[in-house]
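Novice:
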Amino acid sequence: APGGVRAARSRGVEQLGYWEALAEHKPDMVVCAWMPMGVDWSHAFRHTPTVREYLLLGEADDGSVGHLWRTWGNPAFRPPTAPPSLPPPYLADGWERADVPEIGRWMLNRFDSDLDPHGSRAVSFVRLNS
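Numbering (my numbering), first residue to last: -13 to 116.
1) For Ser50 and Glu82, what's the separation of their Cα atoms in angstroms?
2) Quick one: residues in its chain with C-beta nearer than 7 Å to the C-beta of Asp48, no 5 flanking neighbours on either side, listed in chain order?
3) Between Asp26 and Arg64, how many whole angstroms is the CB-CB distance? I'm expecting something under 8 Å.
4) Can you tell me whether Met23 is buried or exposed, with buried defined as 16 or more other CB within 10 angstroms of its CB?
5) Between which two residues does the alpha helix (DSSP H) containing Gly90 stretch?
6) CB-CB under 8 Å to Trp5, same chain, minus the five flanking residues each way: which ones, in chain order?
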C-alpha cells in the first residue's frame, strides 16, 4: 500500500542485527538475500515462533550463500561424525523446502553463463504444522 511505503521510508533504516530484528518486529515471513557465505541465519528464522516462512535468495546448496549443511542441508557437507540418516537441520526443525522458480527465473548472478544461466535461486522454507 502506498501509505505503508511512505511510512516505512519516513522511519529510515534501523541498525539492528538479525536476532534483534526478529525479536523486535516478530515477522511472519522473512526474505533474506545473499546470506554471507559460511554463516547460517536460517536457524534464527526457524526458531522465531512468529516466522511461518522464510525465503532465501542467492546460490543454493553448493554456492556462496549461507552454510551448506546448516542452511541448505546439502548431505555432502553433513558433519563428518554424523550418521548418514541425519536429516537436514531445516527438516529436523519441522520445516519443508521448495524452490520458487517464479521468482528465481528473474534473478541474476555474476557467475551466470550459457552453461549455468541460473546460478541464483529463490528457495522457500515453510513451517510444517503451522
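We treat Cβ as the ideally placed atom computed from N, Cα and C, and that holds for glycine.
Specialist: Taking the geometry as given:
1) Walking along the sequence shown from the start, residue 50 turns up at place 64. Walking along the sequence shown from the start, residue 82 turns up at place 96. Spanning the two alpha carbons is a distance of roughly 22 Å.
2) Looking up residue 48 in the sequence shown gives position 62. Correct list, in chain order: Leu54 and Asn60.
3) Taking the sequence shown and counting its residues from 1, the one referred to as residue 26 is at position 40. Taking the sequence shown and counting its residues from 1, the one referred to as residue 64 is at position 78. The Cβ separation is near 14 Å, so there is no contact.
4) In the sequence shown, the residue the question calls residue 23 occupies position 37. Only exposed fits Met23, as fewer than 16 other CB atoms lie within 10 angstroms of its CB.
5) Counted from its first residue, the sequence shown places residue 90 at position 104. Segment Pro87 to Gly90, the alpha helix (DSSP H) holding Gly90.
6) Residue 5 sits at position 19 when you count from the first residue of the sequence shown. Closer than 8 Å at the Cβ level, and outside the excluded window around Trp5, lie Ala30.
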